[in-house]
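*Asks:* Here the working numbering = 1-based position in the sequence shown + 673.
Beta carbons are placed, not taken as given, at the ideal position from N, Cα and C, and that holds for glycine.
Since the structure is predicted, the reported quantities are computational estimates derived from the model, not experimental observations.
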Amino acid sequence: MLFTSLLLYAIQQEPVYPEGVGISRALTPAEIAWIAANPPGPGGRAATSPPSGPVHCVAEYEPMEGILIAWEGTSGQNTVLAKMAKHVTTTGNGKVYCVVDSTSEQNSASNTISNQGADMNNVEFIVKNTDTIWIRDYGPRYIYQGDCRSIIDHDYNRPRNNDNAFPSFFSSHKNQAWYDHDLEHGGGNYHLDALGYSYATKLILNENGNKSEAQIKQIFQDFQNLNTTILDAFPTSVDSTQHLDMWMQIIGDQTVVISDWPDQSGTTQDNICDAAAVDMAARGYQVFRTPARRPSGWNGNHYTYTNVVMFNNIVMIPTYSNSQVSSYNSQALSTWQQACPNKTIIQINSDAVVSYAGVLHCIMMHVPPNSGGAIPTAYLVQPNSGTFNPGDAVDVEWISDDDEGVQSTKLQFSDDGGSTWSTVANNLGPSGTHSWIVPSVSTSQGLLRVVVSDSSGNSGNDECDNALVIGGGGSTAQLIPYGSGKSGTLGVPVLNASALPVLGTLVTLEVSQGLPNGNGWLIAGPRKRSASFDGGTILVDYKRTYTFNINAQGQGGMSATVPSSPSLAGLSWFWQAWIRNDPAATGQGWTCSNGLETVLGY
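Next comes the structure, spelled out in structure tokens:
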């Protein structure tokens, strides 16, 4: 009874991950027991909206800024990390982000990495709890959204809470956008090229039984802009993770390395690899084959030479000491040298890692560079088009990126297609939203842009993809007579115009049927009015008056050029003519015309 109680207590406790202890890349017995006692709810965690705009998911063979590692596992595994960090920070000309649990662990990691010869100027330590070394499986997957780096996250297929929370933390650390789809997943079960094609094993289907294959592929399309192909998975008796990176690596737009099984020909895993090689060749890939083996026995490891780390001009590949496999080390080196003739191939002894169901690729995650180099980049998420009215509150959303960090952000508006800009908000964050109150203008050429700057004085910007229409923006020029006038010698004066009030053109306001050889006044204002005066009606809430002369035929008027500013498109101005001392007019002798609304436009 006591034993049963202790057992129940044990399986109901979350698994723990002690420091200095090797944790399998696959599910541990404690994790299996925990999941059995605490099955996940339906649907997993909630997803965010996918990224908008142009999205490019970054392939591992593209240029890289750095590598992420988690300082976990055994001392032997830490030595492997340190050796790889040396090559990344020297020959690879890159940066290592080393995640440590504490400052004391940072000191230990720093000594170990330094002793291996790393350039410590290129090592950045980040204090954040993680559970395991397998950062490939839980780490951030990078895309470029517009020109900005953004992170795609997933629900890690292990009950390792600290690991699962890391991508969100790292996005905040780097001030980069974070998007989360709801697929249960491990990052090592995914490879892609830079042309928009990706691959995973059927593990992704088994882990997400509440979704169809089509739905899973659509999620990858929506979040990463990738067309995903699902391949067969190895039996768990051969590879307990069933991850693709244990037997395939895409190394170029149309180049791939796939395992071969010369000592285990005809096995399930050999047939899967052979079929994949044929399929990839049919897709136009050049296929290279490297040997693989899983020695027999209950504790046999999956020895692979495809689980490598490509980083800029280097490729780090595993070697093994197991006598049943070590003869393949030189063959694998030769294959990789043929496959990557312009890169330095570096062999790393991986005995300390392979016995835990992973190798080199599994313990590093790639971080691409800022696409602008030293110049900050920005992406205006929204709005990128639309029609708005003055006074509308519009949520403006943006993200940004920089090699050293964006220090200041401002939002600007143009009503003339970008010829001139005015700042509408200053001192904004590197990413975020701002409620923009649409100004009192009318334009079909409105633009918003976000401008970001770094501490070195470099700046970059992004503006909306399409013009914003404000206040009817694309308004057609119009002449709209209204109201009635008061009669005089030639009848009721008539007010009209020689042409539509098109922006930038000359227009004459014309009065006919006025008092011959008399004088008149044009009154003008922004609104209509209706007020009685001397038997007529004042039809304009006038702010300005203009005098004009009338010829012997009773005609007169005034000419002016309509301003060319697009901000005036859609603006209405109201006019009326008044003529005094007409002997045929009643009352005090005033006559007046109809009202005329002039709508400025195109």
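#1: How should residue 1224 be labelled, buried or exposed, when 16 other C-beta atoms within 10 angstroms of its C-beta is the threshold for buried?
#2: Would residue 1123 and residue 1071 qualify as a contact pair, given that the criterion is a beta-carbon distance under 8 Å?
#3: Our contact map puts residue 931 next to residue 949 with C-beta atoms below 8 Å; I'd like the distance itself, whole angstroms only.
#4: Does DSSP put residue 860 in a helix, a strand or coil?
#5: Verify whether the separation of the beta carbon atoms of residue 877 and residue 905 is less than 8 Å.
#6: With a 10 Å radius around its C-beta and 16 neighbouring C-beta atoms as the bar for buried, classify residue 768 as buried or exposed.
#7: Does the beta-carbon of residue 1015 have 16 or more other beta-carbons within 10 angstroms, so that it is buried, or is it exposed?
#8: Considering just the uninterrupted stretch of the beta strand (DSSP E) at residue 771, what are its terminal residues?
#9: Can you tell me whether residue 1277 is helix, strand or coil according to DSSP?
#10: How close, in whole Å, do the beta carbons of residue 1175 and residue 1144 come, if the pair is a contact with beta carbons under 8 Å?
#11: So which of 805, 770, 687 and 951 has the shortest CA-CA distance to residue 750?
#12: Count the other CB atoms within 10 Å of the CB of residue 1155; is the residue buried (16 or more) or exposed (fewer)?
#13: For residue 892, name the three-state secondary structure that DSSP assigns.
#14: Using only the alpha-carbon positions, how far apart do residue 738 and residue 1043 sit?
#15: Of all the options 862, 1230, 1257 and 976, which has the alpha carbon lying nearest to the alpha carbon of residue 1167?
#16: For residue 895, I'd like the list of residues in its chain whose CB is within less than 6 Å of its CB, leaving aside the five on either flank, ordered along the chain.
#17: Quick one: what's residue 1198 bridged to in DSSP?
#18: So is residue 1036 buried or exposed if we call it buried at 16+ other beta carbons inside 10 Å?
#19: Tell me, please, whether the segment 991-1005 touches the segment 770-778 by the rule of three or more beta-carbon pairs shorter than 8 Å.
#20: If we count the other Cβ atoms within 10 Å of its Cβ and call it buried at 16 or more, is residue 677 buried or exposed?
#21: Shortest alpha-carbon distance to residue 958 belongs to which of 965, 927, 855 and 981?
#22: What first and last residue would you give for the alpha helix (DSSP H) that runs through residue 776?
#23: In three-state terms, what does DSSP make of residue 1152?
#24: How about residue 1177 and residue 1142: do their beta carbons lie closer than 8 Å?
#25: For residue 845, does the three-state DSSP call read helix, strand or coil?
#26: Is the separation between the beta-carbon of residue 790 and that of residue 726 shorter than 8 Å?
*Replies:* A quick look at the data gives this:
#1: So residue 1224 ends up on the exposed side.
#2: yes
#3: 6 Å
#4: In the displayed model, residue 860 falls within a helix according to three-state DSSP.
#5: no
#6: So residue 768 counts as buried.
#7: exposed
#8: Here the beta strand (DSSP E) through residue 771 covers 768-773.
#9: Look at the range of the chain in this structure, 674 to 1275, and you will see that residue 1277 is not part of it.
#10: Incorrect: roughly 17 Å between the Cβ atoms, too far for contact.
#11: 805
#12: exposed
#13: helix
#14: 8 Å
#15: 1230
#16: 723
#17: 1247
#18: buried
#19: Cβ pair count under 8 Å is below three, so no.
#20: Legend: pLDDT at residue 677 = 41, less than 50; position of this residue unreliable, no value from coordinates given.
#21: 927
#22: 776-788
#23: strand
#24: no
#25: helix
#26: no
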